[in-house]
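Student: For what it's worth, my numbering labels the leading residue of the sequence shown as 165, then goes sequentially. Every residue gets a Cβ at the ideal spot worked out from N, C-alpha and C, and that includes glycine. Since we're looking at a predicted model, the values are computed, not measured.
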Amino acid sequence: MKLVMLGTGHAAVTEIYNTCFVITDERIAPSRHFLVDCGGGNGILTQCRHGGIDLRQIHDIFITHEHADHVLGVVWMIRMIGTMIEKGKYEGNLRIYGHSGLVPAIRTMAELTVSAGICRNIGGRIQLIPLESGDRQQILGCPVTFFDIESTKAKQFGFTMELPDGQKLSCAGDEPYNEKNYEYVKDSSWLMHEAFCLYSEADKYKPYEKHHSTVREACEVAERLKIPNLILYHTEEDHGAMRKECYSAEGKQYYHGNLYVPDDLDVIEL
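#1: Between Met406, Ala386, Gly256, His420, which lies nearest to Pro426 when the distance is taken from Cα to Cα?
#2: Hey, could you find the ends of the beta strand (DSSP E) Asp367 is sitting in?
#3: In this structure, does DSSP put Arg259 in helix, strand or coil?
#4: Rounded to whole angstroms, what is the Cα-Cα separation between Ile227 and Gln221?
#5: For Tyr372, count neighbouring C-beta atoms within 10 Å of its own C-beta (all shown protein chains included) and say buried if the count is 16 or more, exposed if not.
#6: Could you tell me the boundaries of the alpha helix (DSSP H) in which Asp233 lies?
#7: For the beta strand (DSSP E) containing Pro294, name the first residue and the last one.
#8: Between which two residues does the beta strand (DSSP E) carrying Lys332 extend?
#9: Using DSSP with H/G/I as helix, E/B as strand and the rest coil, what is Pro307?
#10: Could you give the first and the last residue of the continuous alpha helix (DSSP H) run that contains Cys383?
#11: Cutting at 8 Å between CB atoms, please list the residues of its own chain near His234, excluding the five before and the five after it.
#12: Can you check whether the C-beta of Cys361 is within less than 8 Å of a C-beta belonging to chain C?
#13: Which value, in whole angstroms, describes the spacing of the CA atoms of Phe323 and Leu199?
#14: Along the alpha helix (DSSP H) that carries Tyr411, what are the first and last residues, could you check?
#15: When the distance is taken between beta carbons, is Ile242 closer than 8 Å to Ala274?
#16: Here's the rule: buried if 16 or more other CB atoms are within 10 angstroms of the residue's CB, otherwise exposed. What is Ala280?
#17: Between the segment 261-269 and the segment 282-302, do at least 3 Cβ pairs fall closer than 8 Å?
#18: Throw me the rounded Cβ distance for the His420 and Ala382 pair, which I believe falls under 8 Å.
#19: Mind checking who Trp240 pairs with in its DSSP beta bridge?
#20: Short of 6 Å in beta carbon distance, which residues of its chain neighbour Asp308, apart from the five on each side in sequence? Order them along the chain.
#21: Evaluate contact between the segment 346-355 and the segment 376-392, counting only Cβ atoms and requiring at least three cross-stretch pairs below 8 Å.
#22: Rounded C-beta distance between Val168 and Ile217? I'm assuming under 8 Å.
#23: Is Val385 near Leu362, with beta carbons less than 8 Å apart?
Below you can see the structure in the form of structure tokens.
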């Protein structure tokens with residue numbers, strides 16, 4: 165299993181892509197993919213192409229919440245995969261998961277922007293699956309549990325995934341980890357956590373006004389939970405090529421596990 169970070173930036177980035185990623189199962193050929201969020205537009209298609217992600221092997225998509233930088237790209241996935249379905253070039257079904265309040269919005273967006281010929285597959289081979297907190301699904305042959313992150317803004321879900329080798333990966337969404345979700349996140353081998361900016365630059369970027377956290381706080385969470393692997397994402401882009409170095413330097417002051425600060429299209433072996 166591997167994780168491909170298709171995008172690592174926050175909502176307003178222009179030089180990198182909005183945060184979204186794929187978990188890939190390479191145990192069988194061709195590889196199968198679980199896509200989490202789609203970014204803010206058709207850049208998702210570019211990132212999939214550059215990341216070597218075959219759209220024909222994406223059968224599960226999870227959208228965390230309604231914000232534009234996470235959801236708008238799903239319309240393009242529906243359009244492209246729906247077209248392949250119509251042309252007989254896609255096997256099986258596409259399943260799109262989201263909390264129960266988000267699913268109707270995804271359907272409406274698709275019906276407003278994608279042709280009726282493609283949208284006729286919604287409810288058939290394109291399945292929109294509403295979730296409640298605590299719901300479980302089998303994705304890539306792995307148990308996945310979805311949970312409400314208790315957002316103070318838009319309703320948002322995260323998830324935990326039990327990997328084939330017994331490891332557990334938890335994604336806390338794009339807001340700070342909430343202690344109410346301890347039972348879901350505890351004993352995780354991997355934690356994916358947003359880090360809007362460096363703690364040393366909080367006055368500049370004002371993450372708390374947006375209900376985001378800094379590198380320091382994300383690292384303190386992982387250290388407290390004794391999580392061995394921490395992945396930081398949903399960041400500013402102003403540090404450019406130095407972002408990995410700067411974030412790692414600050415993070416290692418507060419976290420003593422394996423710290424990952426991926427760039428777009430970086431691959432992490434799980």
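Tutor: Let me spell this out:
#1: Ranking Met406, Ala386, Gly256, His420 by Cα distance to Pro426 puts Met406 first.
#2: Not the beta strand (DSSP E): Asp367 falls in the alpha helix (DSSP H), residues 366-369.
#3: Here Arg259 sits in strand by DSSP.
#4: 18 Å
#5: exposed
#6: 232-235
#7: 290-295
#8: 332-335
#9: strand
#10: 379-388
#11: Asn182, Thr183, Cys184, Asp201, Cys202, Gly203, Gly204, Ile227, Thr228, Asp338
#12: As a matter of chain content, chain C is missing from the structure shown, which is built from one protein chain.
#13: The straight-line gap from Cα to Cα measures roughly 13 Å.
#14: Here the alpha helix (DSSP H) through Tyr411 covers 407-415.
#15: yes
#16: exposed
#17: yes
#18: So it is not a contact: roughly 14 Å between Cβ atoms.
#19: Paired residues: none, contrary to the question.
#20: Residue identity differs from the one stated: residue 308 is Val in this sequence, not Asp. Cβ-Cβ distances below 6 Å link Val308 to Gln301, Phe323, Met325 in the same chain, with the five nearest sequence neighbours on each side left out; the list follows chain order.
#21: As far as the Cβ criterion goes, the segment 346-355 touches the segment 376-392, which means the pair count is three or higher.
#22: 7 Å
#23: no
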